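So the protein sequences, as listed, match chains A and B.
Sequential numbering from 5 applies to the first sequence in this note's numbering.
Sequential numbering from 3 applies to the second sequence in this note's numbering.
In this text, a Cβ means the ideal position worked out from N, Cα and C, and glycines have one as well.
Predicted, not measured: the structure shown is a model, and the values here were computed from it.
Have a look at the structure below, then the notes.
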Amino acid sequence: MKVLAIETATAASSIALAEDNLVVATAGRVDRRGHVGFLVPALDFCFAQAGWTPSDIELVAVDVGPGLFSGIRAGLATAQAVAGAVGAPIVPVLSLDAVALRAATGHRRIWAVVDVRRREVAVGPYRPVPGGVVRDGATELCSPAAFRASLEGDAADVLVVGDWRALPEGTLLGLHAIKTGRPRYPVAEAIAEIARSRAERGEVPHPDEVRPRYMREPDVTINWGDFRSEGPWA
Amino acid sequence: MKRAPLILGFETSCDETGVAVVRGSTVLSNVLATQVDEHARFGGVVPEVAARAHVEAIRSLSHRALRDAGVHSMDLDAVAATRGPGLAGALMVGFSYGKALAWALDIPFIGVDHMEGHLFAPRFENPEYGPPAVVLLASGGHSEIVHLRRWGDYEVLGATIDDAAGEAFDKLARFLGLGFPGGPAIDREAETGDPAAVAFPRALADRPLDLSFSGLKTAVTTYVRSHHEAGDLPPMADLAAAIQEAIVDVLVTKTMNAVAATGVPAVGGGGGVLANRRLRQRLAEECAGAGVALHLPSAELCTDNGAMIAAAAAFRLGRGEVTSPDAEVDSSMRLGA
Ligand SMILES: [Zn+2]
Chain A
5 MKVLAIETAT AASSIALAED NLVVATAGRV DRRGHVGFLV PALDFCFAQA GWTPSDIELV
65 AVDVGPGLFS GIRAGLATAQ AVAGAVGAPI VPVLSLDAVA LRAATGHRRI WAVVDVRRRE
125 VAVGPYRPVP GGVVRDGATE LCSPAAFRAS LEGDAADVLV VGDWRALPEG TLLGLHAIKT
185 GRPRYPVAEA IAEIARSRAE RGEVPHPDEV RPRYMREPDV TINWGDFRSE GPWA
Chain B
3 MKRAPLILGF ETSCDETGVA VVRGSTVLSN VLATQVDEHA RFGGVVPEVA ARAHVEAIRS
63 LSHRALRDAG VHSMDLDAVA ATRGPGLAGA LMVGFSYGKA LAWALDIPFI GVDHMEGHLF
123 APRFENPEYG PPAVVLLASG GHSEIVHLRR WGDYEVLGAT IDDAAGEAFD KLARFLGLGF
183 PGGPAIDREA ETGDPAAVAF PRALADRPLD LSFSGLKTAV TTYVRSHHEA GDLPPMADLA
243 AAIQEAIVDV LVTKTMNAVA ATGVPAVGGG GGVLANRRLR QRLAEECAGA GVALHLPSAE
303 LCTDNGAMIA AAAAFRLGRG EVTSPDAEVD SSMRLGA
């Protein structure tokens, strides 16, 4: 199965083309704001590298978050457009799942971290199993302090992976059962791998069901503070 | 003669997701998902809400636009999307979608200046419209008077120095409790009102081509508060009519000043505010009086839409101007700059 995977949910953007287990081309860049400009040149590069044409694509895999809102939307819009044009199904993947899958671990429980800004992180616990990881609790957005509390309450030896560098200094200080490790960001190769196994299990949603996972209500400030509810009829 | 290119245009700069298929001056389909209800709760356009709604709507709208036009994506000659100006997060959705679609179909992609799109919109319904002309562009996000010298050669003669005209409608409608969006709400309320009931000020008389609406906002709120306390507030319809008249009067006066300054034989218009009935009526009267032609799009093509983006893209494509694959959106893009 020929898979196009798109990853733009964090500061690190990447594209991967994979055929079954084999990654045939990748492109990546770390840039918090350059998702929109990265995507099509990266597609061009990878398809030239692999000798594929768009019509070869049998599955489009895309990271739908949590992460950077604009990046998620740029990646999803790109995935929807390409999938629609070539008639391929589209499978959404959670950023945290992709981070956890690439965690180098023996038996430690894994906590994956993705920066979502506004002094919050997205976190989720995973358990290593032969050939991968399984989700082992709820995915949530929380403050660094709340994350620390979750780790303190976790009885197991823990490996924290993902963008733990985005946490304020000292957040993990003094937690002796905790180790930190790589990867820092999700990568498209992992997105491809997760999506392919889902597709093989028949877990392919209708494209309208593929939506960003913001996990946060929109900020509804419209800068009219001076004008709000001033009217006598308001 | 070579057939005009078939272009799919996306517009996602603000709160309307617009997709259209255009060939030459023919609109083959023009579909829109308006977010008015979502923003009405907040009384204005919320950028993050807008961006979220675009990404939910764009896939199915894109398919519907092609279906309504009776064309297959393989038939397209190019894809276009608004590059700016507008809300960055909202722009990114249509721009990313359009760019990726063009890539997958192996056809050119054209990122379009939203304002240039508005300049092209009157052409669909007014075949004789074209340069030289003065074009009034007014919406919730922009208000300017443009000298259309030639296609591709535009001079912004005047612009608002504070609020956009549509923003003034929105804020004042909100103040009066008339709801969002303010333009249509005030237009409706003003129907039975007397525009001369209150003489609100007309700003910037000394700058014949520039616009300003924040003074009106202050004048209205001050007037309403004091007369509300005194218990002699005029009926809502009169207030709405007087506010509408003040905004319309400024827009019309400055547009006609621009006509006099440039000597052009025609006036065009675009942007949601140009759907206002009183504005259209006053422009018609003034243009007739001055002996210049008036070319306004129907209300449907005044508001943001994908067809105008496709039309501007056709012009750019004809000049061989396509957008680089690594282009980003430009939320502060400026016409003619
Ligand atoms: Zn507009």
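Could you pull the start and end residues of the beta strand (DSSP E) that residue i belongs to?
| i | result |
| --- | --- |
| G91 of chain B | Counting along the chain, G91 of chain B falls outside any beta strand (DSSP E), though it belongs to the alpha helix (DSSP H) covering A90 to L107. |
| H210 of chain A | Premise fails: H210 of chain A is in no beta strand (DSSP E) and is neither H nor E. |
| S145 of chain B | S145 to R152 |
| H297 of chain B | A295 to H297 |
Excluding the 5 residues flanking residue i on each side, which residues of the same chain have their C-beta closer than 7 angstroms to its C-beta?
| i | result |
| --- | --- |
| M258 of chain B | E288 and A292 |
| S300 of chain B | E127 |
| A187 of chain B | A175, L180 and G181 |
| F202 of chain B | L218, A221, V222, A244, I245 and A248 |
| V331 of chain B | R85, G86, A90, L93, M94 and F97 |
| A31 of chain A | S18, I19, A46, F49 and C50 |
| D164 of chain B | S214, F215 and S216 |
| A286 of chain B | L296 |
| A181 of chain A | D161 and V162 |
Less than 8 angstroms between CB atoms is the rule here; does residue i satisfy it with respect to chain B?
| i | result |
| --- | --- |
| T82 of chain A | yes |
| P236 of chain A | Since pLDDT at P236 of chain A reaches only 43, below the 50 mark, its modelled position is unreliable, and no value is offered. |
| V68 of chain A | no |
| G32 of chain A | no |
| P58 of chain A | yes |
| P129 of chain A | no |
| S147 of chain A | no |
| S74 of chain A | yes |
| W228 of chain A | Legend: pLDDT at W228 of chain A = 46, less than 50; position of this residue unreliable, value from coordinates given subsequently. Cβ-Cβ to chain B under 8 angstroms: yes for W228 of chain A. |
| V95 of chain A | no |
| V86 of chain A | yes |
| D101 of chain A | no |
| L47 of chain A | yes |
Using the beta-carbon count (16 or more within 10 Å), is residue i buried or exposed?
| i | result |
| --- | --- |
| N25 of chain A | exposed |
| E173 of chain A | exposed |
| R61 of chain B | buried |
| R284 of chain B | buried |
| S59 of chain A | exposed |
| K4 of chain B | exposed |
| R209 of chain B | exposed |
| E18 of chain B | buried |
| A89 of chain A | buried |
| Q53 of chain A | exposed |
| V4 of chain A | Since the first residue of chain A shown is 5 and the last is 238, residue 4 of chain A is not available in this structure. |
| R123 of chain A | exposed |
| G142 of chain B | buried |
| D306 of chain B | buried |
| T162 of chain B | buried |
Quick check on residue i - is its C-beta less than 8 angstroms from some C-beta in chain A?
| i | result |
| --- | --- |
| R69 of chain B | no |
| R321 of chain B | no |
| G168 of chain B | no |
| A102 of chain B | yes |
| R190 of chain B | no |
| P327 of chain B | yes |
| S75 of chain B | yes |
| V33 of chain B | no |
Residue i and residue j look like a contact to me (Cβ under 8 angstroms); what is the Cβ gap, rounded to whole Å?
| i | j | result |
| --- | --- | --- |
| L43 of chain A | V68 of chain A | Not quite, the Cβ-Cβ distance comes to about 15 angstroms (not below 8 angstroms), so this is no contact. |
| H56 of chain B | T14 of chain B | 5 angstroms |
| A9 of chain A | A196 of chain A | 4 angstroms |
| V294 of chain B | A268 of chain B | 6 angstroms |
| C304 of chain B | G338 of chain B | Actually they do not touch by this definition, with Cβ atoms about 21 angstroms apart. |
| S140 of chain B | L211 of chain B | It should be noted that the sequence gives Ala, not Ser, for residue 140 of chain B. About 14 angstroms; that fails the 8 angstroms criterion. |
| A313 of chain B | G119 of chain B | 7 angstroms |
| A41 of chain A | A207 of chain B | The sequence given here has Gly at residue 41 of chain A, not Ala. Not really, about 45 angstroms apart at Cβ, beyond 8 angstroms. |
Where does the unbroken alpha helix (DSSP H) through residue i begin, and where does it stop?
| i | result |
| --- | --- |
| H74 of chain B | No alpha helix (DSSP H) contains H74 of chain B, which DSSP labels as neither H nor E. |
| A239 of chain B | M238 to T264 |
| T224 of chain B | S216 to A232 |
| F151 of chain A | P148 to E156 |
| A42 of chain B | V38 to A42 |
| A170 of chain B | A167 to F177 |
| F49 of chain A | H39 to A54 |
| P186 of chain B | G184 to A192 |
| E130 of chain B | No alpha helix (DSSP H) holds E130 of chain B; DSSP gives it neither H nor E. |
Quick one: what's got a C-beta closer than 6 angstroms to residue i's C-beta in the same chain, skipping five residues either side?
| i | result |
| --- | --- |
| A242 of chain B | I188, E191, A192 and G195 |
| G1 of chain B | Since the first residue shown for chain B is 3 and the last is 339, residue 1 of chain B is missing from the structure and cannot be characterised. |
Go through its chain and collect everything with a Cβ distance to residue i's Cβ below 8 angstroms, but skip five positions before and after it.
| i | result |
| --- | --- |
| G185 of chain A | A107, A108, T109, L163, V164 and V165 |
| V33 of chain B | G20, V21, A22, L63, R66, A67, D70 and G308 |
| T14 of chain A | G71, L72, G75, S99, V118, D119, D167, Y189 and P190 |
Which bits of chain D does residue i rub up against, with CB to CB less than 8 angstroms?
| i | result |
| --- | --- |
| V331 of chain B | Absent from the structure is chain D; the protein chains it does hold are A and B. |
Any heavy atom of ligand 2 closer than 7 angstroms to the beta-carbon of residue i?
| i | result |
| --- | --- |
| G273 of chain B | By its list of ligands, the structure shown excludes ligand 2, since it contains just ligand 1. |
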